[in-house]
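Report on one structure; see the data block that follows.
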Amino acid sequence: MEEYRWGIFLAEADPDKLINFGKHKGGKVWHEVPGEHRADLMRLIVVQGDTEPASVEQQRILGNTAPSIYDLRNLFQVNVEEGRHLWAMVYLLHAYFGREGREEAEQLLKRNSGDLDAPRILGAFNEATTDWLQFFMFTYFTDRDGKYQLGTLKESAFDPLARTCEFMLKEEAHHMFVGTTGVQRVVERTAELMKEHGTTDVFPHGGIPLDVIQKYLNFQYSVSMDLFGSEQSTNAGNYYSSGLKGRWQETRRKDDHVLLGGVRTMRYVEDGEIKEKEVPLLSALNLDLRDEYVADCANGVRRWNQALEDAGLDERLFLPHEGFNRRVGVYANHHVSPAGEVLDDADWDARVDDWLPSAKDRKAVADLMVPEYEYGKFAGWIAPPKTGINDQPVEFDYVHLAEEGLA
Ligand SMILES: [Fe+2]
Ligand SMILES: [Fe+2]
406 MEEYRWGIFL AEADPDKLIN FGKHKGGKVW HEVPGEHRAD LMRLIVVQGD
456 TEPASVEQQR ILGNTAPSIY DLRNLFQVNV EEGRHLWAMV YLLHAYFGRE
506 GREEAEQLLK RNSGDLDAPR ILGAFNEATT DWLQFFMFTY FTDRDGKYQL
556 GTLKESAFDP LARTCEFMLK EEAHHMFVGT TGVQRVVERT AELMKEHGTT
606 DVFPHGGIPL DVIQKYLNFQ YSVSMDLFGS EQSTNAGNYY SSGLKGRWQE
656 TRRKDDHVLL GGVRTMRYVE DGEIKEKEVP LLSALNLDLR DEYVADCANG
706 VRRWNQALED AGLDERLFLP HEGFNRRVGV YANHHVSPAG EVLDDADWDA
756 RVDDWLPSAK DRKAVADLMV PEYEYGKFAG WIAPPKTGIN DQPVEFDYVH
806 LAEEGLA
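When you line the sequence shown up against my numbering, it's residues 406 to 812, in that order.
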């Protein structure tokens with residue numbers, strides 16, 4: 406811990422940097438907050454900042470049940486970096502937004518994940534992280550949402566925000582690595598137990614059944630999809646036109662970067678069916694970002710399925726339909742199955758336990774969560790990683806429990 410540096414890390418400044426999109430396109434980036442965009446910029450920073458400590462609050466109990474010292478170390482890195490991301494957002498509020506910014510920063514300390522009176526701003530950040538499988542799904546799906554949100558803010562015309570987010574994005578890569586490889590290792594262990602015992606029900610053999618892994622995936626994917634907001638949003642269009650928030654990989658897009666008059670299709674529900682309609686591109690930028698995210702999410706699922714294929718199993722994991730279990734946007738107030746059928750209340754109620762983790766599933770997973778704190782050993786429900794971290798061996802003493810008074 407002595408080597409840990411709290412600090413504000415910014416990507417290198419580029420003195421000739423220009424705004425790449427919106428109505429200020431071609432102008433110089435801003436080094437101070439323009440008065441007309443002050444409230445919107447502060448809101449964007451507060452919402453981003455609020456997610457950072459929230460995930461640490463959600464994950465703080467996991468140290469009690471880490472499946473290995475290797476995993477405990479990764480949990481600590483994720484948490485410490487999220488703390489630093491909060492610090493970075495608070496710095497912007499203090500340095501550029503005066504008294505109001507300081508008050509908003511204070512409020513970030515007052516809200517708490519899952520608190521009934523003062524919850525975190527976004528839904529996914531108030532869900533309980535009940536166990537390590539959920540943590541891995543969280544770092545895969547929800548930290549990946551973070552990657553996409555930061556990707557839009559790193560395009561911002563407000564240069565201090567852009568440079569901060571560019572730095573934060575680098576750290577997010579490790580969080581998603583923890584998620585991708587974490588789920589993969591669970592799947593590998595499950596496949597091993599399925600073959601060994603010739604059954605899909607591996608709970609009695611100390612593993613997590615694939616259908617339960619799929620339910621956890623369904624849950625975390627759907628609550629993370631909600632983080633993108635409504636498919637159609639006037640705010641998102643205004644943020645873009647004003648230069649506050651760009652698109653994912655804005656400069657690589659081959660269009661005019663102003664988007665007036667552009668259109669795209671979007672899906673919606675009408676008369677119990679999923680239909681398509683054409684909408685102005687500028688109104689559908691949340692959807693544009695979400696589509697990029699969905700494509701990225703599919704990559705990990707392919708990897709996990711490769712592990713199943715390599716094990717000689719026919720079962721596969723999949724991403725549920727975009728309308729499944731949604732509380733935000735066009736699918737809110739509709740029931741959509743993972744396969745994309747629109748259902749009535751009765752059908753949904755009858756089948757929801759097949760698709761989302763039930764209390765019983767969570768309990769069975771929680772029962773497997775026993776800490777394994779001997780160097781180089783792993784709990785029985787997860788395979789060891791292929792390699793350690795920072796070129797260290799898997800059995801490296803990543804966390805010094807004795808020195809910390811924990812062993
Ligand atoms: Fe973060
Ligand atoms: Fe993260």
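All C-beta atoms, glycine included, are put in the ideal place defined by N, C-alpha and C.
Quick caveat: nothing in here was measured; it's all calculated off a predicted structure.
Open item on the list: Measuring CB atoms only, is the region 442 to 451 touching the region 683 to 703, in the sense that at least three cross pairs come out at less than 8 Å?
Closed with: no
Task: Rounded straight-line distance, which links the Cα of residue 627 to that of residue 725 - done: 8 Å
TODO: Kindly indicate which residue of 755, 671, 779, 473 has the alpha-carbon position closest to the one of residue 727.
DONE: 671
Open item on the list: Check whether the region 487 to 505 and the region 567 to 578 touch, using three or more Cβ-Cβ pairs below 8 Å as the test.
Closed with: yes
Open item on the list: If I measure Cβ to Cβ from residue 568 and keep anything under 7 Å in the same chain, skipping five residues before and after, which residues do I get?
Closed with: 415, 416, 418
TODO: Could you name each continuous alpha helix (DSSP H) segment of 4 residues or more that falls completely within the region 610 to 652, going from the start of the chain to the end?
DONE: 615 to 631, 639 to 646
Task: Separation of residue 644 from residue 659, as counted between CA atoms - done: 20 Å
Open item on the list: Looking at residue 747: is its Cβ nearer than 8 Å to the Cβ of residue 740?
Closed with: yes
Task: Whole-angstrom distance between residue 657 and residue 722, CA atom to CA atom - done: 32 Å
TODO: Could you tell me the boundaries of the alpha helix (DSSP H) in which residue 451 lies?
DONE: 443 to 464
TODO: Please determine, among 738, 759, 618, the residue with the shortest C-alpha to C-alpha distance to residue 536.
DONE: 618
Open item on the list: Cutting at 6 Å between CB atoms, please list the residues of its own chain near residue 456, excluding the five before and the five after it.
Closed with: 530
Open item on the list: Under DSSP, the alpha helix (DSSP H) around residue 774 begins and ends at which residues?
Closed with: First-last for residue 774: undefined, no H or E at that position.
- [ ] On the DSSP bridge assignment, give the partners of residue 679 in chain order.
- [x] 674
- [ ] Name, in chain order, the residues that DSSP records as bridge partners for residue 748.
- [x] 740
Open item on the list: Tell me whether the region 492 to 501 and the region 423 to 434 touch, counting them as touching only if at least three CB pairs, one residue from each stretch, are closer than 8 Å.
Closed with: no
Open item on the list: For residue 647 and residue 442, which I take to be in contact (beta-carbon distance under 8 Å), what is that distance rounded to the nearest angstrom?
Closed with: 6 Å
Open item on the list: For residue 685, list the residues DSSP reports as bridge partners.
Closed with: 668
- [ ] Could you tell me how far apart the beta carbons of residue 526 and residue 773 are, in whole angstroms, since I believe they sit closer than 8 Å?
- [x] In fact, because the Cβ distance is near 33 Å, the residues do not count as touching under 8 Å.
TODO: Keeping to the same chain, check which residues put their C-beta closer than 7 Å to that of residue 668; ignore five residues upstream and five downstream.
DONE: 683, 684, 685, 686
- [ ] Look at the alpha carbon of residue 588 and the alpha carbon of residue 693, and state the distance between them as a whole number of angstroms.
- [x] 27 Å
Task: Beta-carbon proximity list for residue 544, same chain, < 8 Å, skipping 5 on both sides - done: 483, 580, 581, 583, 584, 587
- [ ] Give the straight-line distance between the Cα atoms of residue 506 and residue 515, rounded to the nearest whole angstrom.
- [x] 15 Å
- [ ] Taking only heavy atoms of ligand 2 into account, decide whether any of them is closer than 7 Å to the Cβ of residue 759.
- [x] no
Open item on the list: So the candidates are 788, 680, 719; which of them puts its Cα closest to the Cα of residue 736?
Closed with: 680
Open item on the list: I want to check one thing, is the minimum distance from the CB of residue 577 to the heavy atoms of ligand 2 below 7 Å?
Closed with: yes
Open item on the list: Suppose the cutoff is 7 Å on Cβ atoms and the five residues either side in sequence are ignored; what does the same chain contact list for residue 494 look like?
Closed with: 450, 453, 454, 457
Task: Option in 462, 433, 481 with minimal Cα separation from residue 794 - done: 481
Task: Among 768, 662, 776, the one whose alpha carbon lies nearest that of residue 425 - done: 662
TODO: Return yes when the C-beta of residue 488 is under 7 Å from any heavy atom of ligand 1, and no when it is not.
DONE: no
TODO: Would you decide whether residue 707 is buried or exposed? Buried here means 16 or more other CB atoms lie within 10 Å of its CB.
DONE: exposed
Task: Endpoints, the alpha helix (DSSP H) within which residue 708 is located - done: 690 to 715
Open item on the list: Quick check on the burial criterion: 16 or more other C-beta atoms within 10 angstroms. Buried or exposed for residue 440?
Closed with: exposed
Open item on the list: Please identify the residue among 798, 745, 556 whose C-alpha is closest to the C-alpha of residue 678.
Closed with: 745
Task: For residue 414, three-class secondary structure by DSSP - done: coil
Task: Identity of the residue in 486, 478, 444, 472 nearest residue 461 by Cα - done: 486
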